[in-house]
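Residue numbers (the UniProt record's numbering): 1 to 390.
C-beta: ideal position from N, C-alpha, C; glycine also.
Here the structure is laid out as structure tokens; the discussion comes afterwards.
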Amino acid sequence: MSSFHRDTWVEVDLDCIYENVKAVQEHVSDDVSVIAVVKANAYGHGDVQVANVALEAGAKYLAVSFLDEAMSLRQQGVKAPILVLGASRVSDLELAAKEDITLTVFQREWLEEASKVSLGDASINLHLKLDTGMGRIGARSKEEVKEIVSQIKSMDNFRLEGVYTHFATADEIHSTYVEKQFERFNELISEVEELRSVRFIHCGNSAATLRFPKRIFNAVRVGIAMYGLTPSPEMVPSLPFLLKEAFSLHTKLVHVKKLALGESVSYGATYTTKDEEWIGTVPVGYADGWTRKLQGMNVLVDGQYAPIVGRICMDQFMIKLPYQLPVGTVVTLIGKQEEQKISSDDVADKLDTINYEIPCMISYRVPRMFLRNRSIMEVRNYLQDKPIMG
Numbered sequence: 001m002s003s004f005h006r007d008t009w010v011e012v013d014l015d016c017i018y019e020n021v022k023a024v025q026e027h028v029s030d031d032v033s034v035i036a037v038v039k040a041n042a043y044g045h046g047d048v049q050v051a052n053v054a055l056e057a058g059a060k061y062l063a064v065s066f067l068d069e070a071m072s073l074r075q076q077g078v079k080a081p082i083l084v085l086g087a088s089r090v091s092d093l094e095l096a097a098k099e100d101i102t103l104t105v106f107q108r109e110w111l112e113e114a115s116k117v118s119l120g121d122a123s124i125n126l127h128l129k130l131d132t133g134m135g136r137i138g139a140r141s142k143e144e145v146k147e148i149v150s151q152i153k154s155m156d157n158f159r160l161e162g163v164y165t166h167f168a169t170a171d172e173i174h175s176t177y178v179e180k181q182f183e184r185f186n187e188l189i190s191e192v193e194e195l196r197s198v199r200f201i202h203c204g205n206s207a208a209t210l211r212f213p214k215r216i217f218n219a220v221r222v223g224i225a226m227y228g229l230t231p232s233p234e235m236v237p238s239l240p241f242l243l244k245e246a247f248s249l250h251t252k253l254v255h256v257k258k259l260a261l262g263e264s265v266s267y268g269a270t271y272t273t274k275d276e277e278w279i280g281t282v283p284v285g286y287a288d289g290w291t292r293k294l295q296g297m298n299v300l301v302d303g304q305y306a307p308i309v310g311r312i313c314m315d316q317f318m319i320k321l322p323y324q325l326p327v328g329t330v331v332t333l334i335g336k337q338e339e340q341k342i343s344s345d346d347v348a349d350k351l352d353t354i355n356y357e358i359p360c361m362i363s364y365r366v367p368r369m370f371l372r373n374r375s376i377m378e379v380r381n382y383l384q385d386k387p388i389m390g
């Protein structure tokens, strides 16, 4: 275990991730392979830790955005199949083949360049991405898809292992557009004979997996739901099972002072005390991802809500305390204290964004702690008097 030297930390409850993956597997049946999406450092949670626990819970495949992310997992000892969802350079084909990393293909031109690369005895698995309405990457027409499949068949070192698409509106209650994408995906698979026999056919992101478990073919790509967050607020009332949020963010008071009536706090003097007030200083700022737009957001201290007062600084912000509290008192920015809770959804609401962005925006200069088989409260009590280890 390596120590760190600041009183601010993220807790990632790996038991929650384990239970979320298990719940997804039960929801879709044993015949459907779960592909755990661990891109962007596992949505800010920690790539290798989340990958290992997802595999332990039954995931059969991992997915990332870029080859660099796949290499990070390989270098940390992960041997499971990994799919790169984004574009990869032809110049990296030898590395991908050597490390047994599956790549996404969606362009004829890319394959033409790839056919000139000598891989020797090595081979590489490909998943064909179809653009059925997302408008991002993917082959669109039947003719284009047939040409790509034909090219792959003619290349000795390349195997078409999968085909997939991505939905643009699966998290919206109105399903007209997602139905069109379902229809287009089915059409392309039925029109191109070779696609019907590939090993993995997957269209289910978290939202589609939760909403349409009988229509997602034989694999699903689970991202946000694995971390215990709902793909959209609209979906909350109809969730098929409880999602358990794994990410929480904590710090400690580093200074406490009593200010008189009429004193100002932080840059720009945007907050002025309305009476005598106890003000606490918290060692978190926008360099940690706690953006200035969160001024006025509540945090939790001593089991009570306390508002951020004044502008958030690069490394610190101030809160109005309910009463005098000692330096070292734990402050929770995301997570639970006693009966109160602040979720990533609450922070997203304040920022007028989506919950996906919240764990991703917390800088990796904030250390991560990974919890298994012990309660968060036990860890938090331990941290009151002990150095933080991770």
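Nearest-angstrom Cα separation, counted from residue j out to residue i
i: residue 387; j: residue 49; result: Its pLDDT being 38, under 50, residue 387 is placed unreliably in this model, and the coordinates cannot settle the point.
i: residue 184; j: residue 143; result: 14 angstroms
i: residue 385; j: residue 336; result: Because the pLDDT of residue 385 is 44, which lies under 50, any placement of that residue in the model is unreliable, and the number read from its coordinates should be weighed accordingly. Looking at the two C-alpha atoms, the distance is approximately 19 angstroms.
i: residue 135; j: residue 193; result: 24 angstroms
i: residue 378; j: residue 281; result: At residue 378 the pLDDT is 49, less than 50, meaning the model places this residue with poor confidence; the figure from the coordinates comes in the next sentence. The straight-line gap from Cα to Cα measures roughly 25 angstroms.
i: residue 300; j: residue 28; result: 37 angstroms
i: residue 150; j: residue 83; result: 21 angstroms
i: residue 4; j: residue 304; result: 28 angstroms
i: residue 291; j: residue 253; result: 19 angstroms
i: residue 92; j: residue 124; result: 12 angstroms
i: residue 340; j: residue 158; result: 54 angstroms
i: residue 41; j: residue 72; result: 9 angstroms
i: residue 203; j: residue 350; result: 32 angstroms
i: residue 265; j: residue 242; result: 41 angstroms
i: residue 155; j: residue 66; result: 23 angstroms
i: residue 372; j: residue 275; result: 45 angstroms
i: residue 191; j: residue 215; result: 18 angstroms
DSSP state of residue i mapped onto helix, strand, coil
i: residue 260; result: coil
i: residue 245; result: coil
i: residue 276; result: coil
i: residue 164; result: strand
i: residue 206; result: helix
i: residue 298; result: strand
i: residue 339; result: coil
i: residue 288; result: helix
Close-in-space but distant-in-sequence residues of the same chain around residue i (CB under 6 angstroms, 5 per side omitted)
i: residue 44; result: 359, 360, 362
i: residue 37; result: 63, 221, 223
i: residue 345; result: 355
i: residue 54; result: 21, 36
C-beta contact flag for residue i and residue j at 8 angstroms
i: residue 160; j: residue 173; result: no
i: residue 251; j: residue 7; result: yes
i: residue 225; j: residue 233; result: no
i: residue 289; j: residue 308; result: no
i: residue 400; j: residue 35; result: In the structure as shown, the chain starts at 1 and stops at 390, and residue 400 therefore has no counterpart that could be examined.
i: residue 255; j: residue 330; result: no
i: residue 169; j: residue 130; result: no
i: residue 333; j: residue 312; result: no
i: residue 51; j: residue 24; result: no
i: residue 189; j: residue 199; result: no
i: residue 318; j: residue 9; result: no
i: residue 103; j: residue 96; result: yes
i: residue 61; j: residue 33; result: yes
Neighbourhood of residue i by C-beta, 7 angstroms cutoff - its chain only, sequence neighbours within 5 removed
i: residue 244; result: 16, 19, 20, 228
i: residue 76; result: 48
i: residue 148; result: 105, 108, 111, 128, 139
i: residue 278; result: 256, 258, 321, 323, 324
i: residue 314; result: 285, 286, 287
Host alpha helix (DSSP H) of residue i (start-end)
i: residue 361; result: 357-361
Own chain residues within Cβ distance below 8 angstroms of residue i, not counting five before or after
i: residue 235; result: 171, 173, 207, 210, 211
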